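>
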Amino acid sequence: MGWVEMSERELRRAEVLASVLAGRLTMSAAAGLMGITRRQAHRLARQFAEHGAAGLRHRARGRPSNRGLGPHVRQMAIAYVTENYRDFGPTLASQMLLERHALSVSRETLRTWMRQEGLWLSRKQRRQLHQPRLRRDHFGELVQIDGSEHRWFEDRGPRCTLIVFIDDATSRLVALRFVPSESALAYFETLKSYLTSHGRPLAFYSDKHSIFRVSKAQAQGGQGLTQFGRALSELGIEILCANSSQAKGRVERVNRTLQDRLVKELRLEGIATLEAANAYLPAFVARFNERFAIAPARSEDWHRPLERTSAQLDTILAWREQRYVTQHLALSYDRKRIILDETPLSVGLAGKYVETYEFPDGRLEVRWQGIALPYRMFDKDQRVTQAAIVENKRLSEVLSWVKARQDELRPVRPKTNSEAGGYVSRPKGRRGRMSFTDRYIAAKNAHAAASAGTAAIGEVSAAPAEAP
């Protein structure tokens, strides 16, 4: 007798029935152990006595399902998919087979058939392998940067972004800063604090966000550099962009760690504002680096001296653009109208280009060949116009501003039909002719007043006279 395929439940039943036939168990006890009725136990005992353990196997095992689709249906479905829907997923291919070929096949059945024919790969088979990259050898050789938008204050404050700078060689946090949203000016502000504390690194490693990389290959200006790239070029720092988030896994992993540990510490400290959180970060960074930072493979520090004054660094870390000056000494910037004051220098700038400098602290300067020009702001526009194009990473900040503006506006009461028609209500005055009811009410009031006066006189006369 060959091998017999049986389930675990059937094997347990065979052991119990063998004990029954050997006289070690009663039929009632065996039925209780197997969880079946006594009648069913007698039937299984007869099958076991006649055919042995094979008699307990399910009769349908090894046979095709009565409800299963035949092999011809499988051949038709695979033929249609191979010919017309090779790049379709199982769900869409199943819908197309039903709509276009009147062939009803469930998506999971079709998924199995496509996987067997090599037309579909499972999620595990499609997964890309990312080989680990060794750390850099020196502190300051490579710094990974990223912005992490999260509910850092949970429900106590607004949603914001944490700018993270982490050294690749040591996993040391070298700069952290909370900002409303990820922007070039936010990175400028964080970069300034990092440069003044450590110096200039060899290179930064970021994602392919438009802050770091020119997305359009045929951009009209900028010499192929973004504002952040231009600033790093002036500082002699390279910017490298990762092709995937896994490539800059060190900063991605520390973002997840911070979203767990830092959020809980902010909750314990009761911090709910950007200012308080930024004041708390230095102490947190010191504890974090003491616990998680490691020593570099080589002890040399590759940070270079900054060699820039504070004013020079501010000029480099500013959003700089060129603007055309009209004959009226006016120029446009960020939906604002700027008019230059009439000075001997500015009068000759009509028809020329000047340079605007927007600093992270909100200051704006207009310069001509490095000389600041006095100006005044005119016709300041609203911050967000209707149908304005907003980047995804600025959406939270813009929505918060819009909500604040809407809360400031008083709700407008809709006009009634009378007001819409121009009706103006008039104050009620004395009516013209008195009716019978009016005369009756007036007489009744006069009689009540006279009665009250008579009663008051009677009370005075009835009072006892005082003794002399």
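With the numbering used here as the guide, the letters of the sequence shown map in order to residues -14 to 453. Where a beta carbon is used, it is the ideal one built from N, C-alpha and C, also for glycine. Values in this document were obtained by computation on a predicted structure and should not be read as measured data.
Extract the residue ranges of the alpha helix (DSSP H) inside the segment 54 to 112, only unbroken runs of 4 or more that lie entirely within it.
Counting whole runs of 4 or more residues, the segment 54 to 112 contains the alpha helix (DSSP H) stretches 56 to 69, 75 to 86, 92 to 101, 108 to 111.
> Counting only the same chain and skipping the five closest in sequence on each side, list residues whose C-beta sits under 8 Å from that of Asp153.
As a first step, residue 153 must be located in the sequence shown, where it is residue number 168. Only Arg120, Arg121, Glu126, Leu127, Val128, Gln129, Tyr190, Arg235 meet the Cβ criterion.
> What separation, rounded to the nearest whole angstrom, lies between the Cα atoms of Thr181 and Asp131?
As a first step, residue 181 is located in the sequence shown; it is residue number 196 there, counting from the start. As a first step, residue 131 is located in the sequence shown; it is residue number 146 there, counting from the start. So the alpha carbons of these two residues sit roughly 19 Å apart.
> Could you tell me which residues DSSP pairs with Lys321 in its beta bridges?
Position 336 of the sequence shown, counted from the first residue, corresponds to residue 321. According to DSSP, Lys321 bridges with Tyr318.
> Pick helix, strand or coil for Tyr190, following the three-state DSSP scheme.
As a position in the sequence shown, residue 190 is number 205, starting the count at 1. Strand, per DSSP.
> Give the secondary structure of Gly214 by DSSP, where H, G and I count as helix, E and B as strand, and everything else as coil.
Counting from one through the sequence shown, the residue named residue 214 turns up at place 229. Note: Gly214 maps to helix in three-state DSSP.
> Assuming Ala335 contacts Leu358 under a Cβ cut-off of 8 Å, what Cβ separation, rounded to an integer in Å, is found between them?
Position 350 of the sequence shown, counted from the start, is the residue given in the question as residue 335. Position 373 of the sequence shown, counted from the start, is the residue given in the question as residue 358. Ala335 to Leu358, Cβ: 13 Å. No contact.
> Spatial neighbours of Ala227 within its chain, please: CB distance less than 8 Å, with the 5 preceding and 5 following residues excluded, ordered by chain position.
Within the sequence shown, the letter at position 242 stands for residue 227. Hits under 8 Å: Tyr190, Ser191, Asp192, Lys193, Lys233.
> Could you please give the first and the last residue of the uninterrupted alpha helix (DSSP H) stretch that includes Val351?
Here residue 351 refers to the residue found at position 366 of the sequence shown. Taken as a continuous stretch (DSSP letters only), Val351 belongs to no alpha helix (DSSP H), being part of the beta strand (DSSP E) at 349 to 353.
> Here's a check: name, in chain order, each residue in its chain whose Cβ is nearer than 6 Å to the Cβ of Asp346, leaving out the five neighbours to either side.
As a first step, residue 346 is located in the sequence shown; it is residue number 361 there, counting from the start. Around Asp346: no qualifying Cβ.
> Mind checking who Trp304 pairs with in its DSSP beta bridge?
For the purposes of this step, residue 304 is taken as the residue at position 319 of the sequence shown. Paired residues: Glu343.
> If contacts are defined as beta-carbon pairs under 8 Å, then Ser133 and Val159 qualify, I think. What distance do you get, rounded to the angstrom?
By one-based count along the sequence shown, residue 133 stands at place 148. By one-based count along the sequence shown, residue 159 stands at place 174. Going by Cβ atoms, the distance from Ser133 to Val159 rounds to 16 Å, so no, they are not a contact pair.
> Below 8 Å on the Cβ atoms is my contact criterion, and I expect Gln312 with Tyr338 to pass it. Report the Cβ-Cβ distance as a whole number of Å.
Here residue 312 is taken as the residue at index 327 of the sequence shown, counted from 1. Here residue 338 is taken as the residue at index 353 of the sequence shown, counted from 1. No, Gln312 and Tyr338 are not in contact; Cβ-Cβ is about 14 Å, not under 8 Å.
> Among Phe138, Tyr70, Val1, which has the Cα closest to the Cα of Asn263?
Within the sequence shown, numbered from 1, the residue matching residue 263 stands at position 278. It is Phe138 whose Cα lies nearest to the Cα of Asn263.
> Would you mind working out which of Glu102, Thr155, Gly142 sits nearest His123, comparing C-alpha positions?
Locating residue 123 in the sequence shown gives position 138, where the first residue counts as 1. Comparing Cα positions, the closest option is Thr155.
> Out of Arg215, His288, Asn430, Pro165, state which residue places its alpha-carbon closest to the alpha-carbon of His183.
Here residue 183 refers to the residue found at position 198 of the sequence shown. The residue with the shortest Cα to Cα distance from His183 is His288.
> According to DSSP, what are the bridge partners of Gly8?
Counting from 1 along the sequence shown, the entry for residue 8 is found at position 23. DSSP output for Gly8 lists no bridge partner at all.
> Would you give the residue range spanned by the alpha helix (DSSP H) that Gln25 belongs to?
Counting from 1 along the sequence shown, the entry for residue 25 is found at position 40. Its alpha helix (DSSP H) spans residues 23 to 36.
> Can you tell me which of the three DSSP states Ile426 falls into?
What you label residue 426 is simply residue 441 of the sequence shown in a count that begins at 1. Residue state, collapsed to three classes: helix.
> Kindly confirm or deny that the segment 7 to 25 and the segment 74 to 88 touch, where touching means at least three C-beta pairs closer than 8 Å.
With a cut-off of 8 Å, the segment 74 to 88 and the segment 7 to 25 do not count as touching, because too few Cβ pairs lie within range.
> For Met12 and Phe33, I'd like the C-alpha separation in whole angstroms.
Reading the sequence shown from its first residue, position 27 is the one you call residue 12. Reading the sequence shown from its first residue, position 48 is the one you call residue 33. Taking the straight line from one Cα to the other gives about 14 Å.
> Do the segment 254 to 270 and the segment 93 to 103 touch if we need at least three Cβ pairs shorter than 8 Å?
No, they do not touch.
> Pick out whichever of Asn240, Ser(-8), Tyr360 has its Cα sitting closest to the Cα of Arg136.
Numbered from 1 along the sequence shown, position 151 holds the residue referred to as residue 136. Nearest C-alpha to Arg136: Asn240.
> Consult DSSP for Pro453 and reduce its assignment to one of helix, strand or coil.
Translated into the one-based positions of the sequence shown, residue 453 becomes position 468. For Pro453, the predicted structure reports a pLDDT of 40, less than 50, and the residue's modelled location is therefore unreliable. A value from the coordinates is still provided. Looking at Pro453 - three-state DSSP - the assignment turns out to be coil, as it is neither helix nor strand.
> Are the CB atoms of Leu(-4) and Ser4 within a distance shorter than 8 Å?
Numbered from 1 along the sequence shown, position 19 holds the residue referred to as residue 4. Numbered from 1 along the sequence shown, position 11 holds the residue referred to as residue -4. It is not a contact, given that the beta carbons lie outside the stated cut-off.
> For Ala160, which residues does DSSP report across the bridge?
Looking up residue 160 in the sequence shown gives position 175. Answer is Phe150, bridged to Ala160.
> Taking the C-alpha atoms as reference points, what is the distance between Ala447 and Val409?
In the sequence shown, residue 447 corresponds to position 462, counting from 1. In the sequence shown, residue 409 corresponds to position 424, counting from 1. Any reading at Ala447 must be qualified, since the residue scores a pLDDT of 49, below 50, and its modelled position is unreliable; no value is offered.
> Measuring alpha carbon to alpha carbon, tell me which residue in Pro143, Val199, Ala87, Val387 is nearest Met61.
Here residue 61 refers to the residue found at position 76 when the sequence shown is read from its first residue. Residue Ala87 is the option with its Cα nearest to Met61.
> Name, in chain order, the residues that DSSP records as bridge partners for Arg42.
For the purposes of this step, residue 42 is taken as residue 57 along the sequence shown, with counting starting at 1. DSSP lists no partner for Arg42.
> Alpha carbon to alpha carbon, how far is Glu404 from Val445? Give it in angstroms, no decimals.
Along the sequence shown, read from residue 1 onward, the residue named residue 445 stands at position 460. Along the sequence shown, read from residue 1 onward, the residue named residue 404 stands at position 419. Note that Val445 scores 45 on pLDDT, short of 50, meaning its location in the model is unreliable and no value can be drawn from it.
> From the DSSP secondary-structure annotation, give me the bridge partner or partners of Glu131.
Here the question's residue 131 lines up with position 146 in the sequence shown. A quick correction: the sequence has Asp, not Glu, at residue 131. Val149, per the DSSP bridge assignment.
> So Arg361 packs on Asp392, CB below 8 Å; how close in whole Å?
Your numbering for residue 361 matches position 376 in the sequence shown. Your numbering for residue 392 matches position 407 in the sequence shown. So it is not a contact: roughly 31 Å between Cβ atoms.
> Determine the direct distance from the alpha carbon of Ser295 to that of Arg215, and round the result to whole angstroms.
In the sequence shown, the residue the question calls residue 215 occupies position 230. In the sequence shown, the residue the question calls residue 295 occupies position 310. So the alpha carbons of these two residues sit roughly 18 Å apart.
> Looking at the structure shown, is Tyr408 part of a helix, part of a strand, or coil, going by DSSP?
Within the sequence shown, the letter at position 423 stands for residue 408. Three-state result, Tyr408: coil.
> Could you give the C-beta distance for Leu220 and Leu147, rounded to a whole number, given that I count them as a contact under 8 Å?
Residue 220 sits at position 235 when you count from the first residue of the sequence shown. Residue 147 sits at position 162 when you count from the first residue of the sequence shown. Their Cβ separation, rounded to whole angstroms, is 23 Å, which puts Leu220 and Leu147 out of contact at 8 Å.
> Is Phe124 helix, strand or coil by DSSP?
On the sequence shown, position 139 is the one that residue 124 refers to. If DSSP states are grouped into helix, strand and coil, Phe124 belongs with the strands.
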